[in-house]
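Student: The structure's right below; bear with me while I get my questions together.
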Amino acid sequence: MLLIIEIMLTISAWKKGWKGAALLPLVIGMFIAFVFGSAMADTGVDDMSVIIFGVLIDIGIIISLAVMSAREPHRESAGHEDVVLKKNEEPTCVSQN
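With the first letter of the sequence shown counted as 1, position 17 gets the number 18 in the numbering used here; the numbers rise by one all the way through.
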């Protein structure tokens, strides 16, 4: 069930403008879950601890994807156009409200 929510949020973040960066929370979270989960299982940690760790990783992925879905990515040049002044022209201040 959590994977379905993660996929839906990834699609939402992709459409919001994050493109390939929308896949990073899934990739990083699944990698961490795989590495630490297998290490915990090999050391003899009880199964409930591994399950709780996996759910916490899933919650972290969902939170990061929800934030990405709610916001557009920060663009350095968003809303700022280059101004070309003609010879002997004074710059003017224009409010962008």
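Each residue gets a CB set at the ideal place from its N, CA and C atoms; glycine is no exception.
It should be emphasised that the depicted structure is a prediction, and the values quoted were computed from it without experimental measurement.
In the DSSP assignment, find the alpha helix (DSSP H) that holds residue 38 and state where it starts and stops.
Tutor: Unbroken alpha helix (DSSP H) run through residue 38: 25-43.
Student: Using 8 angstroms as the threshold, is the stretch 3-23 in touch with the stretch 32-41, meaning 3 or more CB pairs across them?
Tutor: Touching, no.
Student: Any chance you could list the alpha helix (DSSP H) runs of at least 4 consecutive residues sitting entirely within the stretch 45-79, in chain order?
Tutor: With a minimum length of 4 residues, the continuous alpha helix (DSSP H) runs that stay inside the stretch 45-79 are 48-71.
Student: Using 8 angstroms for Cβ pairs, my map puts residue 56 next to residue 42. What's the rounded Cβ distance?
Tutor: Actually they are not in contact, since the Cβ atoms of residue 56 and residue 42 sit about 15 angstroms apart, beyond 8 angstroms.
Student: According to DSSP, is residue 9 helix, strand or coil?
Tutor: Helix, per DSSP.
Student: Please name the residue, chosen from 49, 22, 59, 32, that lies closest to residue 73 on a Cα-to-Cα basis.
Tutor: Among 49, 22, 59, 32, the Cα nearest to that of residue 73 belongs to 22.
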